Amino acid sequence: MHVRAVVVDDHPVVREGLRALLSEAGVEVVGEAADGRAALAVVREVRPELAVVDVALPGLSGIELCRRIRRRLPQVQVVLISMFDEPAWRAEAARAGAAAYLLKGMAPAELVEAIDRVVKGERLLSEEEEADKVLPLTPREREVVQLIAQGKKVSDIARILSRSPATVRAHKASAMRKLSVHSTAELVRTALELGLVRVPEVTGG
Amino acid sequence: MIRVLIVDDHPVVREGLARLLARAGLTPVGEAASGEEGIRLARELQPDVVLWDLAMPGGGLPAIGKLKTAVPGVRVLVLTALDDPLLSREMARAGADGFLGKTCTPEELTRAVRACAQGIPFFPCLPELSPREERVLDLLAQGLSNRAIAERLGISVKTVESYLENLKRKLGCASTAELRARALRRA
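Sequences listed follow chains S and D, in order. Using my numbering, read the first sequence as starting at 10 and increasing by one per residue. Using my numbering, read the second sequence as starting at 378 and increasing by one per residue.
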C-alpha cells in the first residue's frame with residue numbers, strides 16, 4: 010500500500026526532519042503547510058492517507074485542524090506531534106479524532122514505528138484511556154455515569170449492576186466530586202464533554 | 378568546507394537540520410542532544426559552526442559562554458522556537474555569533490551558517506536601539522516604574538514616556554504593558 014502524507018509544522022526544519030522519518034516508514038510526503046488554513050487547502054487538494062500535524066501552529070491550532078480534517082475528510086488519518094507530553098492535550102487530541110499523539114523528543118525509531126502502526130490501521134490513542142488519565146474515574150464510577158447518561162434511575166442502575174442503591178449513589182457522588190459538578194444534569198454534560206461516556210445511541214421508535 | 382555541529386534535543390529537528398545543511402553543501406559533523414553533550418562534542422570535533430538550540434536542557438545563555446571558552450574560535454548560531462527580538466540582544470551579549478528563529482527558511486539557515494563561519498554576525502532581528510533606549514529598557518527590565526526611571530536618569534516622566542513609545546515601535550509591542558512584560562521576562 011502506497012501511503013501519501015501531508016506535513017504541517019511552522020518550522021521548515023521540522024518538516025524536513027518529518028519527511029525523512031516518514032520515508033523510513035514507507036510514507037511519501039506529497040504536501041506541506043506552515044499553518045492550519047493552508048493545511049486544510051492542501052489536504053483537500055491532494056487527498057493524502059495521512060496528515061502529520063504539529064500541535065503548536067500559528068492561528069488555527071493543530072488540534073482544531075485535526076478536528077476539521079477528521080470531520081470533513083474522515084479517510085485521512087491524523088497524527089499529532091507535540092513538544093510536550095501533556096495529559097490534557099492527549100485527551101483533547103483523542104477527542105479530536107487523532108490516531109496518535111507523538112512527541113518531538115521521541116527517538117526516530119519510535120516515531121517511525123508509531124507511524125507505521127497508524128498507517129496499518131491501528132489507533133494509538135483511546136478517548137477513554139486518555140480521559141481517565143486526566144480525571145481518573147474508576148470503571149465502576151464510569152459505568153454508573155454512563156447509565157445515568159442513558160437516562161436510567163438509581164434503582165434501575167442498581168439492578169443492572171447487581172449493587173445496592175446506596176452503592177450506586179456513592180459511586181455517583183464520588184464521580185460528581187471528582188468532576189466538580191453539583192447536579193445530575195451537570196454530571197452528564199461534563200462527562201459527555203470530557204469523553205468519559207459515549208453519547209447514548211438513539212434507537213428508532 | 379564548513380563543518381557544523383548540531384545541538385538540539387529533538388531528534389526530528391536534528392535530522393531536518395542535517396539534511397538541509399548537507400543539501401546546501403555544508404558538512405554536518407556530529408549531533409548532540411544537550412548543552413553539556415554539545416560542549417563535549419565541540420571540544421572533540423572542533424567544528425567551524427555550532428547550531429545551538431536555546432530551549433534544550435543545558436542550552437541556556439551561560440552555556441553559550443562556556444562553549445566559546447571551551448572551543449576558542451568556534452562560531453555559535455543560536456536556534457530557537459521563540460522569535461523575540463529582545464532575546465537577540467541577550468544572545469549577542471552572551472557570546473552568540475548569530476540567532477535564527479526555527480521558522481526560518483532553509484535558505485536563511487544556510488545564509489546564517491555561512492555568515493557565522495566567516496565571522497560575520499548574523500542577527501536579523503536585532504533592533505537598533507540608542508544607548509539611552511538601551512538604558513531605559515534595562516531599567517524597565519529591573520521592574521522600575523516610569524517615575525523611578527525618570528528619577529534615575531534625571532529626565533522628566535514625559536521624556537521617559539516618549540522613549541517607551543520608541544521602544545514599543547522598534548520592538549513591535551502593542552502596549553506598554555507588553556513592553557514591560559517582555560523586558561521583565563528576559564531579565
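Even glycine gets a Cβ: it sits at the ideal position worked out from N, Cα and C. Owing to the predicted nature of the structure, the values given are computational and were not obtained by experimental measurement.
Contact set between residue i and chain D, taken where Cβ atoms lie within less than 7 Å
{"i": "D19 of chain S", "result": "T480"}
{"i": "E25 of chain S", "result": "G393, R396 and L397"}
{"i": "P117 of chain S", "result": "P388 and E392"}
Presumed contact (8 Å Cβ cut-off) between residue i and residue j, rounded CB distance
{"i": "L517 of chain D", "j": "R557 of chain D", "result": "6 Å"}
{"i": "V197 of chain S", "j": "I166 of chain S", "result": "Contact doesn't hold; Cβ gap of about 13 Å is too wide."}
{"i": "G415 of chain D", "j": "V384 of chain D", "result": "4 Å"}
{"i": "V16 of chain S", "j": "V61 of chain S", "result": "5 Å"}
{"i": "D125 of chain S", "j": "A43 of chain S", "result": "So it is not a contact: roughly 26 Å between Cβ atoms."}
{"i": "V534 of chain D", "j": "N523 of chain D", "result": "6 Å"}
{"i": "T553 of chain D", "j": "L561 of chain D", "result": "Going by Cβ atoms, the distance from T553 of chain D to L561 of chain D rounds to 12 Å, so no, they are not a contact pair."}
{"i": "E485 of chain D", "j": "L477 of chain D", "result": "7 Å"}
{"i": "E152 of chain S", "j": "L170 of chain S", "result": "6 Å"}
Those residues which DSSP pairs with residue i across a bridge
{"i": "P405 of chain D", "result": "D:V381"}
{"i": "A14 of chain S", "result": "S:V38 and S:L59"}
{"i": "T457 of chain D", "result": "D:G478"}
{"i": "V537 of chain D", "result": "According to DSSP, which records beta bridges pairwise, V537 of chain D is partnered with nothing at all."}
{"i": "I90 of chain S", "result": "S:D63 and S:L111"}
{"i": "F499 of chain D", "result": "D:G475"}
Short Cβ contact (8 Å threshold) for residue i with residue j
{"i": "L69 of chain S", "j": "R46 of chain S", "result": "yes"}
{"i": "V64 of chain S", "j": "K479 of chain D", "result": "no"}
{"i": "E25 of chain S", "j": "G402 of chain D", "result": "no"}
{"i": "V455 of chain D", "j": "L418 of chain D", "result": "no"}
{"i": "I72 of chain S", "j": "A105 of chain S", "result": "yes"}
{"i": "D474 of chain D", "j": "V453 of chain D", "result": "yes"}
{"i": "G412 of chain D", "j": "G450 of chain D", "result": "no"}
{"i": "K181 of chain S", "j": "L146 of chain S", "result": "no"}
{"i": "L397 of chain D", "j": "P483 of chain D", "result": "yes"}
{"i": "L49 of chain S", "j": "L74 of chain S", "result": "yes"}
{"i": "L514 of chain D", "j": "L506 of chain D", "result": "yes"}
{"i": "E136 of chain S", "j": "A184 of chain S", "result": "no"}
{"i": "P388 of chain D", "j": "P117 of chain S", "result": "yes"}
{"i": "V12 of chain S", "j": "V38 of chain S", "result": "no"}
{"i": "V88 of chain S", "j": "L66 of chain S", "result": "no"}
{"i": "L31 of chain S", "j": "A14 of chain S", "result": "yes"}
{"i": "V381 of chain D", "j": "R420 of chain D", "result": "no"}
{"i": "L205 of chain S", "j": "V154 of chain S", "result": "yes"}
{"i": "A175 of chain S", "j": "E139 of chain S", "result": "no"}
{"i": "I441 of chain D", "j": "G407 of chain D", "result": "no"}
{"i": "I78 of chain S", "j": "V55 of chain S", "result": "no"}
{"i": "A551 of chain D", "j": "V537 of chain D", "result": "no"}
{"i": "D386 of chain D", "j": "P439 of chain D", "result": "no"}
{"i": "I379 of chain D", "j": "R488 of chain D", "result": "no"}
{"i": "D18 of chain S", "j": "L27 of chain S", "result": "yes"}
{"i": "L231 of chain S", "j": "A97 of chain S", "result": "No statement about residue 231 of chain S is possible, as the shown extent of chain S runs from 10 to 214 and does not include it."}
Chain D residues whose Cβ lies nearer than 9 Å to that of residue i
{"i": "A29 of chain S", "result": "V389, E392, G393, A395 and R396"}
{"i": "L120 of chain S", "result": "P388 and V389"}
Within chain S, partners of residue i - CB distance below 9 Å
{"i": "D386 of chain D", "result": "K113 and G114"}
{"i": "P405 of chain D", "result": "Residues of chain S passing the Cβ test: none, with the nearest at roughly 13 Å."}
Residues that residue i contacts on chain S, provided the C-beta gap is smaller than 7 Å
{"i": "P508 of chain D", "result": "Ordered by position in chain S, no residue passes the 7 Å Cβ test against P508 of chain D, which lies about 35 Å from the chain."}
{"i": "P483 of chain D", "result": "P21"}
Residue i CB to nearest heavy atom of the ligand PLP below 7 Å
{"i": "E408 of chain D", "result": "For the structure depicted, the ligand PLP is absent and the ligand set is empty, with no information on it obtainable."}
Contact set between residue i and chain D, taken where Cβ atoms lie within less than 8 Å
{"i": "L133 of chain S", "result": "None at all; the shortest Cβ gap to chain D is about 17 Å."}
Every unbroken alpha helix (DSSP H) within the segment 60–87 of chain S, with a cutoff of 4 residues, ordered by chain: 71–81
Fully enclosed by the segment 393–453 of chain D, which beta strand (DSSP E) runs are 3 residues long or longer? 404–409 and 426–430
Within the segment 94–170 of chain S, ranges of the beta strand (DSSP E) (whole runs, at least 3 residues): 109–112
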